[in-house]
Amino acid sequence: MVRNIIIILIVSFATHVLQAQNVRCSASVERTVIEAGESFTLTVEISGDDINVTAYPQLPPLKGLEAIYANAGESTSIQIINGKKSVSKSYQFLLRAKEAGKWTIPSISVENNGRAYTTQPLTIEVVPAGTVSGNQNASLSKEVFLAIVSAKKEAYVGEQIMVYLKIYTRVNITQYSPTKTPNFTGFWAEDFPIKQPLEPEREILNGVTYSTFTIKRTAVFPTHAGTLSIDPAEIDCELRISKKGRSNMFDDFFSPFGDPFGQVVQTKLVSNSVDIKVNELPAEKPANFTGLVGNFDVTTSVDKASLKTGEAVVYKVEISGTGNIMSAEIPPNPFSDDFEKYDPKSSDEINKKGNLISGKKTFEYVAVPRASRQFEIPPYVFSYFDPSAKKYITKSSSSHTLDIAVGTGGIASGGGLSKEEIALLSKDIRYIKSDVDDWFQSDRGFVYRWWFILLWIVPAGAWLSGNLFLKRRARSLQDIEGAKYRKASPLAKKRLKTAEKLVRENKVDTFYAEIAKTLSGLAADKLKIPEASLMKELLEERFREKRVDEALIKEYLDCLHMCDEARFAPESKSKEKIDEAYNRIRSAILNMDKAI
23 MVRNIIIILI VSFATHVLQA QNVRCSASVE RTVIEAGESF TLTVEISGDD INVTAYPQLP
83 PLKGLEAIYA NAGESTSIQI INGKKSVSKS YQFLLRAKEA GKWTIPSISV ENNGRAYTTQ
143 PLTIEVVPAG TVSGNQNASL SKEVFLAIVS AKKEAYVGEQ IMVYLKIYTR VNITQYSPTK
203 TPNFTGFWAE DFPIKQPLEP EREILNGVTY STFTIKRTAV FPTHAGTLSI DPAEIDCELR
263 ISKKGRSNMF DDFFSPFGDP FGQVVQTKLV SNSVDIKVNE LPAEKPANFT GLVGNFDVTT
323 SVDKASLKTG EAVVYKVEIS GTGNIMSAEI PPNPFSDDFE KYDPKSSDEI NKKGNLISGK
383 KTFEYVAVPR ASRQFEIPPY VFSYFDPSAK KYITKSSSSH TLDIAVGTGG IASGGGLSKE
443 EIALLSKDIR YIKSDVDDWF QSDRGFVYRW WFILLWIVPA GAWLSGNLFL KRRARSLQDI
503 EGAKYRKASP LAKKRLKTAE KLVRENKVDT FYAEIAKTLS GLAADKLKIP EASLMKELLE
563 ERFREKRVDE ALIKEYLDCL HMCDEARFAP ESKSKEKIDE AYNRIRSAIL NMDKAI
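According to the numbering used here, the sequence shown is numbered sequentially starting from 23.
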């Protein structure tokens, strides 16, 4: 009996030892040479016939490295070969390299069926950012990269150019996050909506097939001639690279699964930059050209052809087409001085369908005739530049004839009241005044007391003040450009203070972007033209119309040009150059603000 018990114990112990010997525990990283600041994945794997993890692995204290996600992500793999089952459990930790040097990840313990198993230590070499030998990253850069793609490499000032930010990939992307968007300095930019979820397209590049995802679509319009650059964009990406090789090209590349046991890699993708050659518009500009570039039509209408003095008529101009429609300027008021004229009201409707900016801009003029006669509104004539035909095109609307008859009260004068109405009103006022005198003189009790009179006067005064305020506010809301003009000076001074703060903080690129906004914003609001139309020639013309001194015009335009070039000139980023630029631009802004 005792002998049998001993045999059973020996067999059980031997079985346990054999099972223990069949359990393997290891640790691995995707690469052992890592740049400072870069993320990488540490994988702890335990495998064998009988896997029952009773205590999850815990990261030991790390030196030179830090854990981004200390809680391990778990995955399980089961294989049955010739009837024999093998189980593998993997635990992944996301780490980041902090300091340059050689660092050791100590052994990590995993408890399986109550018994502890340890991994081997790992040595990681962390090198300064940008010094990793290209071989490791080169292979990955062939599998996934970020690119700015421009539909045109050459265009005219004001011409639309479509710019796309695309991810090219042959591996699974589990997630991405933009960290730096393209910089469109020197362009007017309009973003297009991106359909979600992202849909892949197939593109062949240098004989290699990629899945591409467009993550940003932007229409840009150059505001001046020269070689304009679109700076690189950056995104942070999490990739899952299959251990079995590259994923099938028909897999979902933005799936969080793909190969669930694939290697997770954190990486930063930096796009290329793009240079676009921008040509000046041809010199022979028509007199009625205001900066529209594309293909446009114009229609005009009146809400009535026959009216009487004192009645309002609405004249409408509608410009429609494809191109920089937002640059359309307010047409001149067509009504003569014997009309009471009101500030025009404008509205726009912009469409972003396909790859073109299209839409219409409408201007409405309200006028009230003061004399009976026949009045003709001449055709509205305007010109635009067609970049495909490479020439200016002039179009005109139809004319409109107004038949103005005498109103029922005679020819209007004095705010739309006839002489008879004025006389009658005068008589009524005298009668009411007489009645009020009698009322004050008579003894009618409390009705003649001052407080009773206030009960009538205060509400009436409040109603009148409120009504005047609402009318003034409504007129102000309609006069959008007038409101911008009034706010231009305070806004420019506020932006100058922001720029001064950026100078103190030595934020060079942000400073030049902010000061450029101040220059362009003040000019656009003061001259009452869209910011998208701020071309050098147009600014010179409008400044001269305002009789601005030629030296100040040149200085202001030089400051705008200096802001554009400052991003590409390393010497402009020194503290002395920034201080000099700020003082010079501040002086130009304040002087121009006084001049216009």
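Every residue gets a Cβ at the ideal spot worked out from N, C-alpha and C, and that includes glycine.
At the C-beta level, Asp325 and Ser342 stay beyond 8 Å of one another.
Lys338 is not a Cβ neighbour of Thr312, given a cutoff of 8 Å. Contact between Leu291 and Val166 holds, with the beta-carbon distance rounding to 7 Å and staying under 8 Å. Here Gly429 has Lys330, Thr331, Gly332 as same chain residues with Cβ atoms under 6 Å from its own Cβ, once five neighbours each way along the sequence are excluded. In this structure, Lys202 is the residue among Gly180, Met184, Lys202, Tyr139 with its C-alpha nearest to the C-alpha of Leu168. Around the beta-carbon of Ala389, 16 or more other beta-carbon atoms lie within 10 Å, marking it buried. Checking the DSSP bridge columns, you'll see Pro391 partnered with Phe361. Runs of the beta strand (DSSP E) spanning 3 or more residues and lying entirely within the stretch 394-435 occur at 396-399, 403-408, 413-418, 422-427, in chain order.
Here Ile379 is near Thr344, since their CB atoms are less than 8 Å apart.
Here Val336 is exposed. Its C-beta has fewer than 16 other C-beta atoms within 10 Å.
Between Tyr178 and Leu303, the beta carbon gap of about 6 Å places them in contact (Cβ cut-off 8 Å). In the structure shown, the three-state DSSP call for Tyr604 is helix. Around the beta carbon of Ala411, a 10 Å sphere encloses fewer than 16 other beta carbons of the protein chains shown; the residue is thus reported as exposed.
In the displayed model, Gly180 falls within coil according to three-state DSSP, outside both helix and strand. Taking the C-beta atoms as reference points, Tyr113 is found no nearer than 8 Å to Pro83. Using a 10 angstroms sphere on the CB of Lys217, the tally of other CB atoms stays under 16, which defines it as exposed. DSSP places Lys382 in the strand class (E or B) of the three-state scheme. Taking one beta carbon from each stretch, the stretch 227-239 and the stretch 180-187 have 3 or more pairs nearer than 8 Å; the two touch.
Measuring C-alpha to C-alpha distances from Glu559 to each of Ile575, Asp571, Gly86 identifies Ile575 as the nearest. Of all C-beta pairs linking the stretch 595-603 to the stretch 520-538, three or more are shorter than 8 Å, placing the two stretches in contact. The residues Asp253, in chain order, have a CB closer than 6 Å to that of Asn205 in the same chain once the five nearest residues on each side in sequence are set aside.
Taking every protein chain shown into account, the CB of Val148 has 16 or more other CB atoms within 10 angstroms, so this residue is buried. The DSSP-derived three-state label of Ala241 is strand. Distances from the CA of Leu261 to each of Leu549, Val230, Val287 were compared; the closest alpha carbon is that of Val287. Between Val45 and Tyr139 the beta-carbon gap is near 6 Å, inside 8 Å, which marks them as a contact.
Runs of the alpha helix (DSSP H) lying entirely within the stretch 526-562, each at least 4 residues long, are 530-549 in chain order. The three-state reading of DSSP puts Lys599 in helix, counting H, G and I together. Sequence-distant Cβ neighbours of Val296 in its own chain, meaning closer than 6 Å and more than five residues away, are Ile170, Ser172, Ile252. Boundaries of the alpha helix (DSSP H) around Glu587: 572-588. Going by DSSP, Pro200 is part of the beta strand (DSSP E) stretching over 194-202. Sequence-distant Cβ neighbours of Leu220 in its own chain, meaning closer than 8 Å and more than five residues away, are Phe235, Thr236, Ile237, Phe276. Residue environment analysis places His583 among the exposed positions, since fewer than 16 neighbouring C-beta atoms fall within 10 angstroms of its C-beta. Between Lys539 and Ala617, the gap from beta carbon to beta carbon reaches 8 Å or more.
Distances from the alpha-carbon of Ala535 to those of Ala49, Gly208, Tyr578 put Gly208 closest. For Gly483, the secondary structure class from DSSP, reduced to helix, strand or coil, is helix. For the beta strand (DSSP E) assignment, the uninterrupted runs of no fewer than 3 residues enclosed by the stretch 59-107 are, from N- to C-terminal side, 61-70, 75-77, 87-103.
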